[in-house]
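Asks: Structure below; questions to follow.
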Amino acid sequence: MPRVLSGIQPSGQLTLGNYIGAIQNFVKLQETHECFFMVVDLHAITVPQEPAALREQTEAVAALFIAAGIDPNKASVFAQSHVAPHAELGWLFTTLAYMGELERMTQFKDKSSGKDSVGAGLFVYPTLMAADILLYNADLVPVGDDQKQHLELTRDLAQRFNQRYGDMFTVPQPYIPKVGARIMSLDDGTKKMSKSNPNPASYIALLDPPDVIRKKISRATTDSGREVKFNPAEKPEVSNLMSIFSHCADLTLEEIEARYEGQGYGAFKKDLAEAVVSKLEPLQKRYAEIRSSGEIHDILKQGAENVSVIAHQTLREAKERMGFLLPR
Ligand code: AMP
Ligand code: TRP
3 MPRVLSGIQP SGQLTLGNYI GAIQNFVKLQ ETHECFFMVV DLHAITVPQE
53 PAALREQTEA VAALFIAAGI DPNKASVFAQ SHVAPHAELG WLFTTLAYMG
103 ELERMTQFKD KSSGKDSVGA GLFVYPTLMA ADILLYNADL VPVGDDQKQH
153 LELTRDLAQR FNQRYGDMFT VPQPYIPKVG ARIMSLDDGT KKMSKSNPNP
203 ASYIALLDPP DVIRKKISRA TTDSGREVKF NPAEKPEVSN LMSIFSHCAD
253 LTLEEIEARY EGQGYGAFKK DLAEAVVSKL EPLQKRYAEI RSSGEIHDIL
303 KQGAENVSVI AHQTLREAKE RMGFLLPR
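Quick note on numbering: my numbering labels position 145 of the sequence shown as 147, and the sequence is numbered without any gaps.
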């Protein structure tokens, strides 16, 4: 079975963007692939995190994976920091990467622009991500559009290692949804929906209560026209809402256009809100059950156990090829 790996940072409330861009594909892929899904806590600390909040969010993201439909009997769900080889292989790849290629990463440029002091971890972040993926020789990496450049770098680093030290790492492929790879902010159709946006009205959190979801959608920015038409260049906000609708109600963009022809935005937004509420309702219910049962600790423990053997083997082989004296 081909292997899949992906990760999400426990750095805030997960949004509908995370769900549509990434988690929905995780759930689909677990049926046909060997899957590894991680809460990437080591990545989260590349920006300051309050210790108690980091712990809580790590548990919350893992529980959301399960609530969204990831079956721990089919996929391994684990915390990155529970499997030590991630950090170690990450260091090895940091030494293989060039300053120039890391400076070109748009996520680094976005997150560091205008800041007086920028953590060094934020800069080398992509080499740790490469290690996450290559440790398991993953074939496929389901992510949203914003991670494409990091995946390219991962492929370059794998090839660089293979060239220098002999073929060892699988060069992974990204797996990016056709519609919904970049869900945009509700208040600005040119910015991606992000859990780190200080304005909560800009995103729908997976755990937002129904009334909050309704309010956020009714207040979402739209253009001054009244046509429900998919045209991301000219109508970015409406097109974004249509992508969300398409995913939540299982309708094509054409079906949505046909349904709201001549009706303006009001009816469309109302139905959209109900579609999002019904999509998230079962997830929220399962989430509450999982959190109160405390089962997430066992799931994470089992997940880390499942993947540890592979991770240690890969790390050992990489170190051997690079010329480290291995303990006998
Ligand atoms: P992050 O929240 O940065 O850890 O992202 C976790 C996953 O969700 C990655 O695969 C991202 O590409 C994806 N993702 C995050 N925000 C969005 C968005 N607004 N639209 C689509 N995918 C997203
Ligand atoms: N960098 C990814 C993000 O911010 C998270 C991530 C870390 C990841 N390691 C990964 C995604 C490995 C896929 C595979 O979204």
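Heads up, the beta-carbon is just placed ideally off N, CA and C, and yes, glycines get one too.
For Val-63 versus Val-41, is the C-beta spacing smaller than 8 Å?
Replies: The count along the sequence shown starts at 1 and reaches residue 63 at position 61. The count along the sequence shown starts at 1 and reaches residue 41 at position 39. Yes, the Cβ-Cβ distance between Val-63 and Val-41 is below 8 Å.
Asks: On the DSSP bridge list, what partners appear for Glu-36?
Replies: As a first step, residue 36 must be located in the sequence shown, where it is residue number 34. DSSP lists Arg-5 as partners of Glu-36.
Asks: Tell me the rounded alpha-carbon separation between Gln-265 and Pro-238.
Replies: Start at 1 with the first residue of the sequence shown, and residue 265 comes out as number 263. Start at 1 with the first residue of the sequence shown, and residue 238 comes out as number 236. Between Gln-265 and Pro-238, the C-alpha separation is close to 19 Å.
Asks: Please determine whether the Cβ atom of Val-145 lies at a distance below 7 Å from any heavy atom of the ligand AMP.
Replies: In the sequence shown, counting from the first residue as 1, residue 145 sits at position 143. For the ligand AMP, at least one heavy atom lies less than 7 Å from the Cβ of Val-145.
Asks: If you check the beta carbons only, do Thr-156 and Pro-174 fall under 8 Å apart?
Replies: The sequence position of residue 156 within the sequence shown is 154, counting from 1. The sequence position of residue 174 within the sequence shown is 172, counting from 1. Closer than 8 Å, so yes.
Asks: Going by the beta-carbon positions, is the gap between Leu-285 and Val-79 smaller than 8 Å?
Replies: By one-based count along the sequence shown, residue 285 stands at place 283. By one-based count along the sequence shown, residue 79 stands at place 77. In this structure, Leu-285 keeps its C-beta atom at 8 Å or more from the C-beta atom of Val-79.
Asks: Select from Pro-87, Thr-129, Glu-90 and Gln-82 the residue whose C-alpha is nearest the C-alpha of Glu-105.
Replies: As a first step, residue 105 is located in the sequence shown; it is residue number 103 there, counting from the start. The residue with the shortest Cα to Cα distance from Glu-105 is Thr-129.
Asks: Any contact of the stretch 175-185 with the stretch 139-151, i.e. 3+ C-beta pairs under 8 Å?
Replies: yes
Asks: Any idea if Met-186 is buried or exposed, counting beta-carbon neighbours within 10 angstroms, 16 or more meaning buried?
Replies: Here residue 186 refers to the residue found at position 184 when the sequence shown is read from its first residue. Buried is the call here.
Asks: Starting from Asp-147, trace the beta strand (DSSP E) both ways and give me its first and last residue.
Replies: Position 145 of the sequence shown holds residue 147. First-last for Asp-147: undefined, no H or E at that position.
Asks: Alpha carbon to alpha carbon, what distance is there between Arg-216 and Glu-58?
Replies: Residue mapping note: residue 58 aligns to position 56 of the sequence shown, counting from 1. Residue mapping note: residue 216 aligns to position 214 of the sequence shown, counting from 1. Computed Cα separation, rounded: 27 Å.
Asks: Pull up the DSSP beta-bridge partners for Tyr-177, would you.
Replies: The count along the sequence shown starts at 1 and reaches residue 177 at position 175. In DSSP, Tyr-177 forms a bridge with Pro-144.
Asks: Is Tyr-100 buried or exposed, if buried means 16 or more other CB atoms sit within 10 Å of its CB?
Replies: Walking along the sequence shown from the start, residue 100 turns up at place 98. Around the Cβ of Tyr-100, a 10 Å sphere holds fewer than 16 other Cβ atoms; the residue is exposed.
Asks: With a cut-off of 8 Å on the beta carbons, I'd call Asp-134 and Gly-9 a contact; round off their distance for me.
Replies: Working through the sequence shown from its first residue, we reach residue 134 at position 132. Working through the sequence shown from its first residue, we reach residue 9 at position 7. Asp-134 to Gly-9, Cβ: 6 Å. Contact.
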